[in-house]
Amino acid sequence: MEHALRVAAYCRVSTDKEDQLHSLAAQQAYFEGYIARHGWRCAGIFADEGLSGTTLRRPRFAELLRLARSGAVDLILTKEVSRFARNTVDALQVTRRLREQGVGVIFLSDGIDTRDNDGEFRLTIMASVAQEESRKISERTRWGQLQAMRRGVAFGNDTVYGYALRGGALTIRPEQAEVVREVYRKCLEEGKGAHTIARELTEAGVAPPLRADGAWSPAMILRLLHNEKYCGDLLQKKYRTVDHLTHRKVVNRGAEEQFRLENHHPAIVSRAQFAAVQAELARRAGLAGERSRFSARYWYSGKLVCGACGGRLTAKRTRRPDGREYLRFVCRGRGTGCAMRAVPGDVLTACVRHVLGEVGLPLGAMAAEVLASARPAGAECGAAALRQALRRQEARRARALDAFLDGTLSREELAALTARSEAERSRLARRLADLEMAGAERPERRAALLDWLAGELAGGEAVLDAAVKRVTVQADALLVELEELPLCFRVRAQAGGRGAARRVEVTECTPLPR
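Take the sequence shown: its letter number 212 is residue 211 in numbering that gives the first Met the number 0, and every next letter is one higher.
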């Protein structure tokens, strides 16, 4: 007596919507009845919900294949080729491996049984049709998404820190929004970098985005500072799909159109604050390659000189028992015998600010200079010229591929040309992105930004970097030199008190010829 065939079935739907899940339940019931009517023994009904058939990364499908390889299945049922795989190569490879192990596959709606002599030939045709249909569906879906993007519908998952994404609309999460504002304040008003801000948030016990260990990273901080969503704008198509079969995505560096919608949703920080942060980050990035390894952390790096030995002073931070950080500047020659005293950070800042108050700075002009300094090199090239250059690069790559297919270009030559073209394309795309960010402000926005920056410069630290040329530390005074002035100022100060009660008083500010 022959043993009943051990038959398993596979079914799948591409979304997790209620009607589709109902369809999935109907498919399962259908296969159970089909197996029972034929007198077979059910080896299991395997179903994947809300997953695409264009890849093999489907957990229940993978489980079915493992069961078949173990010898526990004689036959697999599925409704149609498109439910099994929309990739022709994968469909053939899987069915061939199963056939080698004595396992057949029946595609009920397509009338294909891989155990038949012509089964693979018919499967090849139907799988090719399914793959082409997948491509068409992908194109239709992409077109629909582009139209929705133009209308302002937000795409993506609900992972933007500070916002909740529901039904294509972004709404503010109040607690997280306060953290975002604090990050921007620390960057702008306190001049702190990403490492310092991340450490302070972690020490304060602030929950980070999607991190189980509770630790913030500098990369997280930079993502918050660079994300245009926080000023109310929406930039879509930051990534593009390069293969509809694998769904692999890459950064969109100009190959496809992007959509930027201003005032799309409630802002967490003002547009002026966001622009000022971009300017400050660009300024720091420019300084990083020109100054010492301390330059990315303190505005005064490279400007503090020891009056005794001529060496540079570097910043040192000490944590007090109450948790407060104490900043002081120490001569680098101290280890080789220099006896110059350390300068407390609050004393240095108070002395320099006093000098700036004495001379009266043109803050409006300085605000314009800060904005100009943030504009990346090469901005004069213009966005139109850069886009045209990007199109030329794409055309060169296409011509190189045609030459290779015609046999006039070797594989090695094609690889070399492609590598050079990709490097140039990446460079142009970065310049274009920088240019668009730097030139995003319109005249009215620029005027508002200048007003805001002028106010911030009056009490912020950015003005110190723009105005101070050098500070020479002496035994009992500081000599402060300003840019574009033929004078220096001898400044003396006294400090007293601890913690919140600490006060610094400037006792002398005398102008001297340089």
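The beta carbon of each residue, even a glycine, is placed where N, CA and C say it ideally should be.
Identity of the residues DSSP links to residue i by a beta bridge
i, result
"K315", "R327"
"P343", "R327"
"L63", "Per DSSP, none; premise fails for L63."
"R40", "R5"
"D112", "I105"
"C305", "V472"
"R502", "G495"
"C186", "For C186, which the question treats as bridged, DSSP gives no partner whatsoever."
"R489", "L478, T509"
"Y29", "In the DSSP output, where bridge partners are listed per residue, Y29 has none listed."
"C10", "A46"
"V467", "L481"
"I171", "Y162"
"T77", "Y9, F106"
"L224", "For L224, which the question treats as bridged, DSSP gives no partner whatsoever."
Candidates the options, of which the one nearest residue i by Cα
i, options, result
"F45", "L312, A3, A271, Q27", "Q27"
"R352", "E421, S108, L463", "L463"
"R424", "A397, R390, R410", "R390"
"L97", "T348, Y325, I75", "I75"
"L486", "G496, C230, K468, A203", "K468"
"A428", "A383, A466, A397, V470", "A383"
"A522", "R396, R430, R426", "Outside the shown range of the chain (0 to 513) lies residue 522, about which nothing can therefore be said."
"R59", "F83, N226, G166, T417", "F83"
"S526", "G101, L91, E79", "The requested residue 526 is not part of the displayed model; the chain covers only 0 to 513."
"Y9", "A3, C508, N116, S81", "S81"
"E177", "P512, Y229, A314, A168", "Y229"
"L484", "G495, G498, R497, L511", "L511"
"E48", "Y29, L312, V479, L23", "L23"
"I105", "Y33, A61, A281", "Y33"
"F120", "A90, A394, A314, Q100", "A90"
"E279", "G496, L64, G192", "G192"
"A466", "K185, V358, P217, E261", "V358"
"D475", "A394, A338, A422, K315", "A338"
Chain-order list of residues whose beta-carbon lies under 7 angstroms from that of residue i (same chain, five-residue window excluded)
i, result
"E289", "Note that E289 has pLDDT 43, beneath the 50 cutoff, so the model's placement of it is unreliable and no number is given."
"A439", "In this prediction, A439 scores a pLDDT of 49, lower than 50, which makes its location untrustworthy; the coordinate-derived value is nonetheless stated afterwards. Result list for A439: empty, nothing under 7 angstroms."
"G498", "D321, R323"
"E31", "C41, I44"
"R68", "Q100"
Distance between beta carbons of residue j and residue i, contact taken as under 8 angstroms
i, j, result
"Y35", "A71", "Strictly speaking, residue 35 in this sequence is Ala, with Tyr absent from that position. Actually they are not in contact, since the Cβ atoms of A35 and A71 sit about 19 angstroms apart, beyond 8 angstroms."
"V159", "I220", "In fact, because the Cβ distance is near 15 angstroms, the residues do not count as touching under 8 angstroms."
"Q473", "G306", "4 angstroms"
"E324", "R318", "6 angstroms"
"L530", "R430", "With the chain covering only 0 through 513, there is no way to say anything about residue 530."
"G310", "R331", "5 angstroms"
"I111", "G118", "6 angstroms"
"Q175", "G161", "4 angstroms"
"T113", "G103", "5 angstroms"
Beta-carbon proximity check, residue i vs residue j, cutoff 8 angstroms
i, j, result
"A341", "V329", "yes"
"R180", "V268", "yes"
"V490", "L477", "yes"
"L122", "T94", "yes"
"A7", "L66", "yes"
"G231", "A266", "yes"
"L303", "V470", "yes"
"R40", "R5", "yes"
"L233", "H264", "yes"
"A392", "S420", "The sequence shown places Gln at residue 392, rather than the Ala named in the question. Yes, the pair counts as a contact, with Cβ atoms nearer than the cut-off."
"L187", "Q272", "yes"
"P320", "A494", "no"
Residues near residue i in its chain [Cβ-Cβ closer than 8 angstroms; skip 5 each side]
i, result
"W215", "I196, A197, R198, L200, T201, V205, P207"
"V505", "A349, C350, H353, V490, R491, A492"
"E227", "L233, L234, R259, F273"
"A376", "Residue placement at A376 cannot be trusted, given a pLDDT of 41 that sits under 50; the coordinates are not used to answer."
6 angstroms CB neighbourhood of residue i in its chain, flanking five on each side removed
i, result
"A25", "none"
"G213", "none"
"D345", "V503"
"F488", "V354, V479, C508, P510"
"E379", "Low local confidence applies: a pLDDT of 44 at E379 is under 50, so the model's placement there is unreliable, with the coordinate-based value given in what follows. Counting only Cβ-Cβ distances below 6 angstroms, and skipping sequence neighbours, we find nothing."
"D73", "L4, R5"
Within-8 angstroms CB hit, residue i to chain B
i, result
"D475", "No chain B is part of this structure, which consists of one protein chain only."
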